[in-house]
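Be aware that the sequence shown starts at 286, since it is given in the working numbering, and climbs by one per residue.
Idealized CB from N, CA, C, for every residue including glycine.
Note that the coordinates shown come from a computational prediction; the quantities given were computed from them, not determined experimentally.
Beneath this line is the structure, given in structure tokens, with notes to follow.
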Amino acid sequence: MYHPDGWVGSIAVQEPWDYTQALLSRTMTNVAAPSRSNRRITSRRACLLVVRYRADSDWRPATAMDLSPYGCRLRVGEDLSKVKTLTVMFEAPLRDGARATAVEVPGTLMWCRLEGLSFQAGLHFGDAPDGLLEILGALA
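Right, here's the structure in full:
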């Protein structure tokens, strides 16, 4: 809409689109949103692997929901938010006549939260052992 006397508040308006610009300049800022870099080095592969983990001395069951050479997301039955490091035992899905590949991978707990009836935990692995790369290859 164009104001007939050519003024919007204290801003002189020459054309109808100047009115819109005048209003937008008052309501919106020209500050760009902060850029977010992708925090993952590699993408994760969705999976449903039955795994085991230990925070202290006992192994407990879990399900790996997604996996990459540098991390995974686990569905666990307890709140792990007080835990700093975990060791996860992965086993490759067997194919006909194949030997099971198992590998223990130490990881740092990045987050843990309740989702539905179970907890989910995000782990970061420092270096990917060869056995983990074999398991990722078996998932492809």
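Is it buried or exposed, Arg358, if we count other Cβ atoms within 10 angstroms and call 16 or more buried? buried
Sort Glu376, Ala385, Asp364, Met374 by Cα distance to Glu400 and report the nearest one. Asp364
Sort out for me which residues DSSP pairs Gly356 with in a bridge. As computed with DSSP, Gly356 is found in a beta bridge with Ser353, His409.
Could you tell me which of Ala340, Asp412, Arg345 sits nearest to Lys367, measuring between CA atoms? Nearest of Ala340, Asp412, Arg345 to Lys367, Cα basis: Ala340.
According to DSSP, is Asn315 part of a helix, a strand, or is it coil? Bear in mind that the predicted position of Asn315 carries a pLDDT of just 49, short of 50, making it too unreliable to give a figure here.
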